[in-house]
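Numbering (this note's numbering), first residue to last: 4 to 316.
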């Protein structure tokens, strides 16, 4: 923790970068904002500058023809996620896809559907199936836990860590590193323990980082499904100590990711790949590092207004 101000500081040993020129991203952000405003959903817009900064920080590897999917994903994900909290805060039953189709505004579901059609057309069927499965899992868990408003609703830490990885949007997000890296990895490698370990570690860093910087905002909106509140509830920690524990856990998970990367060339799964695919894997690993560092820098440097909720004194 740093901080005279009490701002949490993470130690994420990954390179920072930035996609340039940002004009393409800014054009996409304006288009999505105008569609949301036309549908009467302007209050779900995060602001062009804030979203452009997040997109550019997390995907410096992208080129003009690959930045689009990342931009579209994030620009539609934020309103989708906020709407799940608003619409499904009470108990709900039914298939997530049906609930989303009937409960969410058409402008948002159509925007996300358009993104999914575009990105899956770029990639192999195997990639598309994995993205679809992880997106559906995210949506199912986001709807399920939208009503987690009291400490008594929170699962034990071991269960929470598994659920949080599924409930957050990190897993489908990480699939996009293949798009940006201009690679389509062999399906056998995607299913390997070596690749799953990297995916899971990256997803944990992304979701826990989000929890560290957003838990006060989520509390204000009525949700306590985040790592800090789970540690307060089940580890019986004061808020400051729970936040420090979450920081330590995230730093440790980042070190675990680095160790897995160092071990990767010695795994049989990596060794069995062609030179071209090995190069693609390493570009994806670099992309994961950019995501972890870029998201963190966005929270700390850009400091989006939506997360600026002062603790009650």
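The beta carbon of each residue, even a glycine, is placed where N, CA and C say it ideally should be.
Rounded C-alpha distance that separates residue i from residue j
i	j	result
residue 177	residue 49	22 Å
residue 303	residue 35	25 Å
residue 273	residue 240	42 Å
residue 204	residue 101	31 Å
residue 59	residue 24	9 Å
residue 235	residue 214	13 Å
residue 16	residue 257	7 Å
residue 66	residue 238	45 Å
residue 245	residue 228	14 Å
residue 283	residue 55	26 Å
residue 47	residue 31	16 Å
residue 118	residue 180	15 Å
residue 196	residue 252	22 Å
residue 308	residue 301	11 Å
residue 248	residue 12	12 Å
residue 271	residue 33	46 Å
residue 281	residue 68	23 Å
residue 26	residue 242	41 Å
residue 268	residue 104	44 Å
residue 162	residue 44	35 Å
Helix, strand or coil at residue i [DSSP, three-state]
i	result
residue 119	helix
residue 305	helix
residue 6	Model confidence at residue 6 stands at a pLDDT of 41, short of 50, so the residue's coordinates are unreliable and nothing is read from them.
residue 213	helix
residue 175	helix
residue 164	helix
residue 49	coil
residue 156	helix
residue 235	helix
residue 184	coil
residue 254	helix
residue 208	helix
residue 170	helix
residue 21	coil
residue 124	helix
residue 316	In this prediction, residue 316 scores a pLDDT of 40, lower than 50, which makes its location untrustworthy; the coordinate-derived value is nonetheless stated afterwards. In this structure, residue 316 counts as coil in the three-state DSSP scheme.
residue 283	helix
residue 227	coil
residue 16	coil
residue 43	coil
residue 276	coil
C-beta contact flag for residue i and residue j at 8 Å
i	j	result
residue 140	residue 187	no
residue 210	residue 298	no
residue 14	residue 305	no
residue 167	residue 230	yes
residue 290	residue 183	yes
residue 86	residue 108	yes
residue 148	residue 120	no
residue 123	residue 134	yes
residue 160	residue 233	yes
residue 80	residue 172	yes
residue 164	residue 263	no
residue 296	residue 51	no
residue 91	residue 106	yes
residue 61	residue 294	yes
residue 310	residue 174	no
residue 224	residue 88	yes
residue 63	residue 21	yes
residue 110	residue 42	yes
residue 77	residue 57	yes
Contact test: residue i Cβ vs the ligand HEM heavy atom, cutoff 7 Å
i	result
residue 276	As presented, the structure is devoid of all ligands, the ligand HEM included, so that no description of it is given.
So does the region 72-80 actually touch the region 143-161, counting three or more Cβ pairs closer than 8 Å?
Judged by Cβ distances under 8 Å, the region 72-80 makes no contact with the region 143-161, as fewer than three pairs qualify.
Between the region 189-199 and the region 275-282, do three or more beta carbon pairs fall short of 8 Å?
Using a Cβ-Cβ distance cut-off of 8 Å, the region 189-199 and the region 275-282 are in contact, since at least three pairs of beta carbons, one from each stretch, lie closer than that value.
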